[in-house]
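Participant: A single structure is presented below for examination.
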Amino acid sequence: MKKKDEEHKSVLAKTEESFSNARLAYANMMAVDDLQVTKTWLLSEGARLLAKNIHKGPEMTVAVAAVNNAMSAVGVNSGLQNGYIHALKKKTPYAEVPLLNRNAGEELNTTVTCFDSLTFPVVEDLLKLVNEPLSKIKDALYFAGGVSPEE
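Right, here's the structure in full:
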């Protein structure tokens, strides 16, 4: 009877060790799964969010506003100069004034819409790298940005 108890304890110990190893393997598998999910999110939504934040951020807004203001000033000055010259000459009817664009407002709205829906192909391509090591992801990002890792 004592021998059977020892065999039983030995079997129980091996079974418990086996269960413990299975639990550890499962936990490791779940950790890898979590890392894969995290990596997928970072390469898709995280990168998209980064690009969107750059696009909507104050730096981009200030830069675009500066360009718009400069373009407006050039346009207004050019328009005033041309209008003044034509008014003095009184040779060209208003509707025939060169560079007069009655669709300028619509074209500006179209341009703004295009800017707002701007996408970045490098962000879309990142998801394809989900199973690649970090070094390849970095290389792809450096290549897309036109810079080398040393810069």
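Okay, so the sequence shown: first residue is 899 according to the working numbering, each after it adds one.
Every residue, glycine too, gets a C-beta built ideally from N, C-alpha and C.
(1) Compute the Euclidean distance between the alpha carbons of K987 and G977, then round it to the nearest angstrom.
(2) What do you get for A964, buried or exposed, if any count of 16 or more other CB atoms within 10 angstroms of its CB means buried?
(3) Where does A985 land, buried or exposed, given buried means 16+ other C-beta within 10 angstroms?
(4) Could you check the C-alpha separation between A923 and V930 for me, to the nearest Å?
(5) Decide yes or no for the touch test of the stretch 1017-1033 against the stretch 926-943: beta carbon pairs closer than 8 Å, at least 3 of them.
(6) Please classify A1002: is it buried, with 16 or more other beta-carbons within 10 angstroms of its beta-carbon, or exposed?
(7) Going by beta carbon distance, what residues of the same chain come within less than 6 Å of A945, once the five residues before and after it are set aside?
(8) Cβ atoms of F1013 and V962: under 9 Å apart, would you say?
(9) With the cut-off set at 9 Å, would you say L1039 and H953 are in Cβ contact?
(10) Does DSSP put M899 in a helix, a strand or coil?
(11) Please classify N919: does DSSP put it in a helix, a strand, or coil?
(12) I need the straight-line Cα distance from E957 to L948, nearest angstrom please.
(13) Rounded to whole angstroms, what's the CA-CA distance from K950 to N966? Just pull it up for me.
(14) Using only the alpha-carbon positions, how far apart do T959 and T936 sit?
(15) Quick check on the DSSP output: what are the complete beta strand (DSSP E) runs of length 3 or more inside the stretch 939-1027, in order along the chain?
Facilitator: Looking at the coordinates:
(1) For the purposes of this step, residue 987 is taken as residue 89 along the sequence shown, with counting starting at 1. For the purposes of this step, residue 977 is taken as residue 79 along the sequence shown, with counting starting at 1. Their Cα atoms are separated by approximately 15 Å.
(2) To locate residue 964, count along the sequence shown from 1; it is residue 66. Counting Cβ neighbours within 10 Å, A964 comes out exposed, since fewer than 16 surround it.
(3) Within the sequence shown, the letter at position 87 stands for residue 985. Its Cβ having fewer than 16 others within 10 Å, A985 is exposed.
(4) Stepping through the sequence shown from its first residue, residue 923 is reached at position 25. Stepping through the sequence shown from its first residue, residue 930 is reached at position 32. Using only the alpha carbons, I get a separation of about 11 Å.
(5) Touching, yes.
(6) Along the sequence shown, read from residue 1 onward, the residue named residue 1002 stands at position 104. A1002 is classed as exposed because its beta carbon has fewer than 16 other beta carbons within 10 Å across all chains shown.
(7) Stepping through the sequence shown from its first residue, residue 945 is reached at position 47. Hits under 6 Å: V1021 and L1024.
(8) Residue 962 sits at position 64 when you count from the first residue of the sequence shown. Residue 1013 sits at position 115 when you count from the first residue of the sequence shown. Taking 9 Å as the cut-off, the Cβ atoms of V962 and F1013 count as close.
(9) As a first step, residue 1039 is located in the sequence shown; it is residue number 141 there, counting from the start. As a first step, residue 953 is located in the sequence shown; it is residue number 55 there, counting from the start. In this structure, L1039 sits away from H953, with a CB-CB distance that is not shorter than 9 Å.
(10) As a working mapping, residue 899 is identified with position 1 in the sequence shown. Here M899 sits in coil by DSSP.
(11) To locate residue 919, count along the sequence shown from 1; it is residue 21. DSSP places N919 within a helical segment (H, G or I) once states are collapsed to three.
(12) In the sequence shown, counting from the first residue as 1, residue 957 sits at position 59. In the sequence shown, counting from the first residue as 1, residue 948 sits at position 50. Cα to Cα, the separation comes out at about 13 Å.
(13) Indexing the sequence shown from 1 puts residue 950 at position 52. Indexing the sequence shown from 1 puts residue 966 at position 68. A straight line joining the alpha-carbon of K950 with that of N966 spans about 20 Å.
(14) Stepping through the sequence shown from its first residue, residue 959 is reached at position 61. Stepping through the sequence shown from its first residue, residue 936 is reached at position 38. Taking the straight line from one Cα to the other gives about 30 Å.
(15) With a minimum length of 3 residues, no continuous beta strand (DSSP E) run stays inside the stretch 939-1027.
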